[in-house]
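Chains as they are written, first to last, in my numbering: chain X, 1 to 178; chain R, 179 to 296.
As C-alpha cells, then:
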C-alpha cells in the first residue's frame with residue numbers, strides 16, 4: 001500500500017528519514033515546478049532553482065507543518081514565498097498592465113494552436129491573476145486553499161480568478177464557433 | 179456573446195492539459211544533495227537541549243547565590259505592606275502583561291505558514 005503524504009511527513013519528523021522526504025519531493029516536484037514556471041513566465045532555470053530552494057526550506061521547517069492543510073498546499077505556500085522574495089530582490093513583482101495585455105493578445109501576432117494561445121494568454125495576465133488562476137484552475141486548489149497560499153483575503157482570490165478566467169476566455173474566443 | 183463559447187470547467191480542463199507532468203530528470207537527486215546533513219539537524223536539537231539545561235543550572239545557581247531565595251521572602255513582605263489599591267493595580271498590570279504575551283504567542287503560532295520562509 002502506498003504511503004500517504006502524512007505518513008511520509010511523520011517518518012521525516014520521527015526518524016529524520018531523508019528517503020521519505022525524497023519520496024515527497026518526487027511526488028510534488030512536477031506541480032511545484034509547474035507553478036513556479038508559470039510565475040516566472042517560463043524561465044525554467046529560475047523556476048527549478050526556486051523549486052529546489054522551496055523543498056530545502058520545507059525540509060528545514062517540516063516541524064512547523066501541523067497537518068491543518070494538505071502538504072501540497074503548504075509546499076505551494078513556501079514556493080510562492082520563495083518566488084516573491086526573489087522577485088522583490090529583482091524588483092520584478094509588477095504585472096503587465098491592461099493596455100499591454102490588450103496589445104499583446106492580437107490574434108495576428110501569435111502562433112496558431114489552442115494550447116499555445118492559452119499559455120501565451122496566461123503568461124500575459126498580471127501576476128496576481130495568473131497566480132490565482134494557476135493555483136485554482138490548473139492545480140485544483142479551492143479558493144480557500146489559494147487564499148492561504150497567497151496570504152490574501154478569500155474575496156480577493158475569487159475576484160482574481162474571475163478576472164483571469166474572463167481574460168483567458170476572451171483569448172480563446174478566437175477559437176470558438178463563428 | 180462570442181466569448182461565452184467556453185465554460186469554466188472547459189477552461190480549467192484546457193489549462194490542466196496545457197500543463198503536462200514535468201519529468202523529474204534528476205531534480206529530486208539535486209534537492210536531496212542540497213539538504214542539510216542529518217548530523218546538522220541532530221546538532222540543532224542538541225543546541226536546544228543545551229540551552230534548556232544551561233537555563234536550569236543558571237536558575238539553581240542564582241537561587242543559592244542569592245541566599246536561598248531570601249530576596250523573594252523580602253519582596254513578598256514588602257508587597258504585603260503596600261496599600262490594597264497598589265496591590266490591585268500591580269495585579270492588574272501583571273495580568274495585562276501576561277495576557278498580551280499570551281495573545282502574541284497565539285497570533286505567532288497561528289501564522290504558521292507565513293513564518294516558514296521569512
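Cβ coordinates follow ideal geometry from the N, Cα and C atoms, glycine included.
Kindly list the residues whose CB is nearer than 8 Å to the CB of residue 118/X, restricted to its own chain and excluding five residues on each side of it in sequence; keep chain order.
Here residue 118/X refers to the residue found at position 118 of the first chain. Within the same chain, residue 118/X has close Cβ partners 168, 171, 172.
Compute the Euclidean distance between the alpha carbons of residue 64/X and residue 199/R, then round it to the nearest angstrom.
Along the first chain, read from residue 1 onward, the residue named residue 64/X stands at position 64. Along the second chain, read from residue 1 onward, the residue named residue 199/R stands at position 21. Distance between the alpha carbons of residue 64/X and residue 199/R is about 29 Å.
Give me the Cα-Cα distance between residue 189/R and residue 114/X, rounded to the nearest whole angstrom.
Translated into positions along the second chain, residue 189/R becomes position 11. Translated into positions along the first chain, residue 114/X becomes position 114. If you take the alpha carbons of residue 189/R and residue 114/X, they lie about 11 Å apart.
Segment contact, 8 Å Cβ cut-off, at least three pairs: the segment 69-87 of chain X with the segment 35-54 of chain X:
With the rule of 3 Cβ pairs closer than 8 Å, the segment 69-87 of chain X counts as touching the segment 35-54 of chain X.
Check whether the Cβ atoms of residue 125/X and residue 133/X sit closer than 8 Å, and answer yes or no.
Within the first chain, residue 125/X is the residue found at index 125, counting from 1. Within the first chain, residue 133/X is the residue found at index 133, counting from 1. Cβ atoms of residue 125/X and residue 133/X: closer than 8 Å.
Is residue 77/X near residue 148/X, with beta carbons less than 8 Å apart?
Locating residue 77/X in the first chain gives position 77, where the first residue counts as 1. Locating residue 148/X in the first chain gives position 148, where the first residue counts as 1. Contact: yes.
Does DSSP put residue 167/X in a helix, a strand or coil?
Within the first chain, the letter at position 167 stands for residue 167/X. Of the three classes helix, strand and coil, the one that applies to residue 167/X here is helix, per DSSP.
Should residue 32/X and residue 6/X be called a contact, given that it needs their Cβ atoms to be closer than 8 Å?
As a first step, residue 32/X is located in the first chain; it is residue number 32 there, counting from the start. As a first step, residue 6/X is located in the first chain; it is residue number 6 there, counting from the start. Not in contact: residue 32/X and residue 6/X (Cβ atoms no closer than 8 Å).
Given a threshold of 16 other Cβ atoms within 10 Å of its Cβ, counted over all protein chains shown, does residue 251/R qualify as buried or as exposed?
Position 73 of the second chain, counting from 1, holds the residue named residue 251/R. With fewer than 16 Cβ atoms within 10 Å of its Cβ, residue 251/R is classed as exposed.
Determine the direct distance from the alpha carbon of residue 74/X to that of residue 209/R, and round the result to whole angstroms.
Here the question's residue 209/R lines up with position 31 in the second chain. Here the question's residue 74/X lines up with position 74 in the first chain. Answer to the nearest angstrom: the Cα atoms are 18 Å apart.
Specify the secondary structure class of residue 245/R as computed by DSSP and reduced to three states.
Taking the first residue of the second chain as position 1, residue 245/R is located at position 67. In the three-state reduction of the DSSP assignment, residue 245/R falls in the coil class, being assigned neither a helical nor a strand state.
Nearest-angstrom Cα separation, counted from residue 37/X out to residue 120/X
Numbered from its first residue, the first chain carries residue 120/X at position 120. Numbered from its first residue, the first chain carries residue 37/X at position 37. So the alpha carbons of these two residues sit roughly 13 Å apart.
Taking residue 20/X as the reference, which of 129/X, 3/X, 89/X has the closest Cα?
Residue mapping note: residue 20/X aligns to position 20 of the first chain, counting from 1. Nearest C-alpha to residue 20/X: 3/X.
Using a beta-carbon distance cut-off of less than 8 Å, what residues from the segment 205-237 of chain R approach chain X?
Taking 8 Å as the Cβ-Cβ cut-off, the segment 205-237 of chain R approaches chain X at 205, 206, 208, 209, 210, 212, 213, 214, 216, 219, 220, given in chain order.
For residue 206/R versus residue 57/X, is the C-beta distance shorter than 8 Å?
Walking along the second chain from the start, residue 206/R turns up at place 28. Walking along the first chain from the start, residue 57/X turns up at place 57. In this structure, residue 57/X does not lie closer than 8 Å to residue 206/R by Cβ.
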